[in-house]
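Taken in order, the sequence shown gives residues 661 to 879; the numbers are from this note's numbering.
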Amino acid sequence: MWARVGDWFDERFEWRQVWGAIFLRKIPHVNWFYTLGSATLFVASLQAITGILLTMYYVPDPAHAYDSVVYITTQLPMGWFIRGLHHWGASAMVVLTVAHLLRVFFYGAYKYPREMTWITGVFLLLVVIGFGFTGYLLPWDQKAYWATTVGTKIVGVAPVIGDWILRIARGGPELSAVTLARFFGTHVWILPASLAVLIGIHLYLIIRIGISAVPAKDE
661 MWARVGDWFD ERFEWRQVWG AIFLRKIPHV NWFYTLGSAT LFVASLQAIT GILLTMYYVP
721 DPAHAYDSVV YITTQLPMGW FIRGLHHWGA SAMVVLTVAH LLRVFFYGAY KYPREMTWIT
781 GVFLLLVVIG FGFTGYLLPW DQKAYWATTV GTKIVGVAPV IGDWILRIAR GGPELSAVTL
841 ARFFGTHVWI LPASLAVLIG IHLYLIIRIG ISAVPAKDE
C-alpha cells in the first residue's frame with residue numbers, strides 16, 4: 661500500500677528525483693570541517709523554533725518587555741530552557757557561520773564555479789549578525805539599552821548619511837518604544853525572511869554545483 665501511495669505522490673511531485681538529488685548525490689572525500697555548514701543550519705532551525713515559542717509570550721513594549729522576559733525565564737514551564745537555547749544559540753550561530761566561512765576561504769572553495777555560493781554565504785553572515793544586534797535589545801534591560809545606544813551611535817558617525825541611518829535605526833534621535841518595535845519587527849519578520857531566501861539559494865547552489873574536495877597536500 662505504501663508503495664502505491666509513494667508512486668502516486670511521485671507521479672505528481674517527482675519527490676524521488678528530489679530526494680535523490682539532495683540525499684543520494686555523490687560528494688568528494690571530506691573531513692569534519694565540512695560539517696560546519698550543516699551544524700549552522702541545525703542551529704538556525706533551532707533558533708527558528710525557539711524564537712517562535714518565545715514570541716508567544718514576549719511583549720514588544722517598553723512597559724512590559726522586561727517583565728515578559730522575566731516571566732518566561734522564571735514562571736513559564738521550561739521557559740528558562742527555551743530562552744537559554746535561543747540566547748546561546750545566537751552566539752553559536754555567529755561562531756559557526758564565521759568558522760564555516762573561514763573553512764571555505766582557507767580551502768579555496770570560494771573559487772570558480774562557486775563564487776555565488778560564497779557571496780550568499782557572506783550575506784548570510786551579515787543577516788546572522790543582524791539577528792544578534794536586533795535581538796540584544798529585546799529584553800529592554802539596562803545592559804541591552806546602553807549597548808544598543810552605543811551600537812547605533814557607531815553607525816551615526818558614518819560620513820554624510822550617518823545621522824540619517826541613525827534615525828532610521830532608532831526611529832528617532834533617541835532609543836524609544838519605536839526603536840523597540842522596529843528592532844522586534846526586523847528580528848521576527850525582515851531578517852527571518854531574508855535568512856530563508858538566502859539559505860534556499862545557498863542550498864540550491866550547493867546541490868546544483870556541489871562542494872569542493874579537500875585540497876591536496878602538494879597544492
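Even glycine gets a Cβ: it sits at the ideal position worked out from N, Cα and C.
(1) Measure the beta-carbon distance from G792 to A750 and round it to whole angstroms, keeping in mind my assumption that it falls under 8 Å.
(2) Could you check how far apart the C-beta atoms of R676 and D670 are, in whole angstroms? I think they sit under 8 Å.
(3) What separation, rounded to the nearest whole angstrom, lies between the Cα atoms of M661 and I869?
(4) Please name the residue in I814, G795, V755 whose C-alpha comes closest to that of H847.
(5) Thinking C-beta only, is H862 closer than 8 Å to G790?
(6) So, with DSSP's three-state summary, where would you put P720?
(7) For a test of the three-state rule: what should DSSP assign to I871, helix, strand or coil?
(8) In whole angstroms, what separates the C-alpha of F766 from that of T710?
(9) Looking only at its own chain, which residues have a Cβ that is under 8 Å from the Cβ of L784, when we skip the five neighbours before and after it?
(10) State the DSSP-derived secondary structure class of E674, mapped to helix, strand or coil.
(11) If you compare alpha carbons, which of R672, H746, V810, D823 is closest to L714?
(12) Are I825 and G816 touching if we call contact CB-CB under 8 Å?
(13) Along the chain, which unbroken stretches of the alpha helix (DSSP H) at least 4 residues long are found entirely within the stretch 784-840?
(14) For T882, which residues from the same chain have a beta carbon less than 7 Å from its beta carbon, with the 5 sequence-adjacent residues on both sides left out?
(15) Taking just the CA atoms, how far does V690 sit from G680?
(16) Among the residues of its own chain, which have a CB less than 7 Å from the CB of A699, if the five just before and after it don't count?
(17) Specify, as a first and last residue, the run of the alpha helix (DSSP H) that A750 falls within.
In this structure, then:
(1) A Cβ-Cβ separation of about 5 Å places G792 in contact with A750 under the 8 Å criterion.
(2) Contact flag correct, Cβ pair sits at about 5 Å.
(3) Straight-line spacing of the CA atoms in M661 and I869 works out to 36 Å.
(4) In terms of CA proximity to H847, G795 leads the group I814, G795, V755.
(5) Contact flag unset, no.
(6) In this structure, P720 counts as coil in the three-state DSSP scheme.
(7) In the three-state reduction of the DSSP assignment, I871 falls in the coil class, being assigned neither a helical nor a strand state.
(8) Distance between F766 and T710, taken at the CA atoms: about 33 Å.
(9) So the qualifying residues of the chain are T757, L855, L858, I859, H862.
(10) Here E674 sits in coil by DSSP.
(11) The residue with the shortest Cα to Cα distance from L714 is H746.
(12) Yes, Cβ-Cβ distance for I825 and G816 is below 8 Å.
(13) With a minimum length of 4 residues, the continuous alpha helix (DSSP H) runs that stay inside the stretch 784-840 are 802-816, 822-830.
(14) Since the displayed the chain opens at 661 and closes at 879, residue 882 lies outside it and no answer follows.
(15) For G680 and V690, the distance between alpha carbons rounds to 20 Å.
(16) Counting only Cβ-Cβ distances below 7 Å, and skipping sequence neighbours, we find L756.
(17) Here the alpha helix (DSSP H) through A750 covers 739-766.
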